[in-house]
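Enquirer:
Protein chains: 2
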Amino acid sequence: MDDDTLSRAFAALADPTRRDLVSRLTLGDATVGELAAPYDMSLQAVSKHLAVLESAGLVTRRRDAQRRPVHLESEVLGELTRWIDRHHRAVETRLSRLDGVLHHLRSTDPEERTP
Amino acid sequence: MDDDTLSRAFAALADPTRRDLVSRLTLGDATVGELAAPYDMSLQAVSKHLAVLESAGLVTRRRDAQRRPVHLESEVLGELTRWIDRHHRAVETRLSRLDGVLHHLRSTDPEERTP
DNA sequence: CCCCTAGTCAACACATTGGTTGAACAAGGA
DNA sequence: TCCTTGTTCAACCAATGTGTTGACTAGGGG
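Chains A and B, in that order, give the protein sequences.
Numbering-wise, the first sequence is residues 2 to 116 according to this note's numbering.
Numbering-wise, the second sequence is residues 2 to 116 according to this note's numbering.
1. Helix, strand or coil for L44 (chain A)? Go by DSSP, reduced to three states.
2. Within 9 Å of any Cβ in chain A, is that where the Cβ of D110 (chain B) sits?
3. Does DSSP put D3 (chain A) in a helix, a strand or coil?
4. Whole-angstrom Cβ separation of E7 (chain B) and W84 (chain B), contact assumed at under 8 Å?
5. Is V71 (chain B) closer than 9 Å to A31 (chain B) when the C-beta atoms are compared?
6. How many angstroms separate the CA atom of R9 (chain A) from the CA atom of V102 (chain A)?
7. Three-state secondary structure (DSSP) at R25 (chain B)?
8. Does DSSP put T32 (chain B) in a helix, a strand or coil?
9. Can you tell me which residues form a DSSP beta bridge with H72 (chain B)?
10. If we call anything under 9 Å between Cβ atoms a contact, is A91 (chain A) one with T82 (chain B)?
11. Closest to H88 (chain A) by CA distance: which of B:L54, B:T18, B:K49, B:S24 is it?
12. Whole angstroms are fine: how far does the CA of R20 (chain A) sit from the CA of R64 (chain A)?
13. Between L14 (chain B) and chain A, is the shortest Cβ-Cβ distance under 9 Å, so that the two count as touching?
14. Please say whether V53 (chain B) and E74 (chain B) have beta carbons closer to each other than 9 Å?
15. From the beta carbon of P39 (chain A), is the nearest beta carbon of chain B less than 9 Å away?
16. Determine the closest residue to Q67 (chain A) out of A:D4, A:Y40, A:K49, A:V33, with distance taken between C-alpha atoms.
17. How many angstroms separate the CA atom of D3 (chain A) from the CA atom of A57 (chain A)?
18. From this set, B:V47, B:S43, B:D5, B:G29, which residue's C-alpha is nearest D16 (chain B)'s C-alpha?
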């Protein structure tokens, strides 16, 4: 996946309101008005947040008469998980290898350690 | 985990340079100078990026004489994965349930469908 | 047709971010 | 002790992000 999408997606999730919107959308599609209702914030502000999520590829919008139902796309979420998990595993496996080496050093007798 | 740490961590990873630093650090600890070398950017700028990663809890810094070796902490990476994965799974399972319902509607005979 | 609802667009204010440079500091080496 | 190395601190700048309000557009429903 390209760098830009990754950056946009992480940036999108860096905002608590937007993470909240994502949480809400896991329950199903919703209109802008429905999504905005719980917040002490103008509908325009929420609309902007949705635009950010959309440009990150995290949501898409249909048209239904005047309404614009918002839909959560899980694909990008998967790509984020993969990026993080790859790095998480990389450091974990390196550490466990290091652990193995240390354990080996401890368990072998001193003669072997300084050849 | 608290909202703030989550926000900081996502924001930290929203920058390509910082993601690059994280990648580099999966290979092992490194000093600020070593980390800065590959970039066409002042050492101070890289130092700032590291400060951002540190305040997000993604890295820690030791002191070794004048050097400040940077160490990648995998814990927060794990928390990020968990947040995303939870939502990813939430939407996936909802969709598969919906799929199940649709499949059921298709496979049962028309009388059952409109009781 | 007029109006009500749902939402976007535009312009603005303000804070934060990501970079710069120059100075300061911390600690070993000659 | 002074010099060099490695790093941070401080001030500044341009660009971006998050919110506001007011005006506009789209599409039913009386």
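Positions of the beta carbon are idealized from the N, C-alpha and C atoms, including for glycine.
Expert: The structure says:
1. Stepping through the first sequence from its first residue, residue 44 (chain A) is reached at position 43. Helix.
2. Sequence index remark: in the second sequence, residue 110 (chain B) carries index 109 (1-based). With a pLDDT of 44 at D110 (chain B), under the threshold of 50, the modelled position of this residue cannot be trusted, and the question is left open.
3. Within the first sequence, numbered from 1, the residue matching residue 3 (chain A) stands at position 2. Three-state result, D3 (chain A): coil.
4. Walking along the second sequence from the start, residue 7 (chain B) turns up at place 6. Walking along the second sequence from the start, residue 84 (chain B) turns up at place 83. Note that residue 7 (chain B) corresponds to Leu in the displayed sequence, not to Glu. Correct: roughly 6 Å between the Cβ atoms.
5. Reading the second sequence from its first residue, position 30 is the one you call residue 31 (chain B). Reading the second sequence from its first residue, position 70 is the one you call residue 71 (chain B). Cβ distance < 9 Å, so A31 (chain B) and V71 (chain B) count as in contact.
6. Residue numbering aside, residue 9 (chain A) sits at position 8 when the first sequence is read from its first letter. Residue numbering aside, residue 102 (chain A) sits at position 101 when the first sequence is read from its first letter. Straight-line Cα distance between these residues: approximately 40 Å.
7. Locating residue 25 (chain B) in the second sequence gives position 24, where the first residue counts as 1. Three-state result, R25 (chain B): helix.
8. As a first step, residue 32 (chain B) must be located in the second sequence, where it is residue number 31. The answer is coil: DSSP assigns T32 (chain B) none of H, G, I, E or B.
9. Here residue 72 (chain B) refers to the residue found at position 71 when the second sequence is read from its first residue. In DSSP, H72 (chain B) forms a bridge with B:T61.
10. Translated into positions along the first sequence, residue 91 (chain A) becomes position 90. Translated into positions along the second sequence, residue 82 (chain B) becomes position 81. Going by C-beta atoms, A91 (chain A) is not nearer than 9 Å to T82 (chain B).
11. Residue 88 (chain A) sits at position 87 when you count from the first residue of the first sequence. Closest by alpha carbon: B:S24.
12. As a working note, residue 64 (chain A) is residue 63 in the first sequence. As a working note, residue 20 (chain A) is residue 19 in the first sequence. For R64 (chain A) and R20 (chain A), the distance between alpha carbons rounds to 23 Å.
13. Taking the second sequence and counting its residues from 1, one reaches residue 14 (chain B) at position 13. So yes, L14 (chain B) belongs to the interface.
14. For the purposes of this step, residue 74 (chain B) is identified with residue 73 of the second sequence, where counting begins at 1. For the purposes of this step, residue 53 (chain B) is identified with residue 52 of the second sequence, where counting begins at 1. Cβ atoms of E74 (chain B) and V53 (chain B): not closer than 9 Å.
15. For the purposes of this step, residue 39 (chain A) is taken as the residue at position 38 of the first sequence. Output row for P39 (chain A): interface = no.
16. The residue you call residue 67 (chain A) lines up with position 66 of the first sequence. Ranking the options by Cα distance to Q67 (chain A), first place goes to A:V33.
17. Position 2 of the first sequence holds residue 3 (chain A). Position 56 of the first sequence holds residue 57 (chain A). Cα-Cα distance, rounded: 12 Å.
18. Along the second sequence, one-based indexing puts residue 16 (chain B) at 15. It is B:V47.
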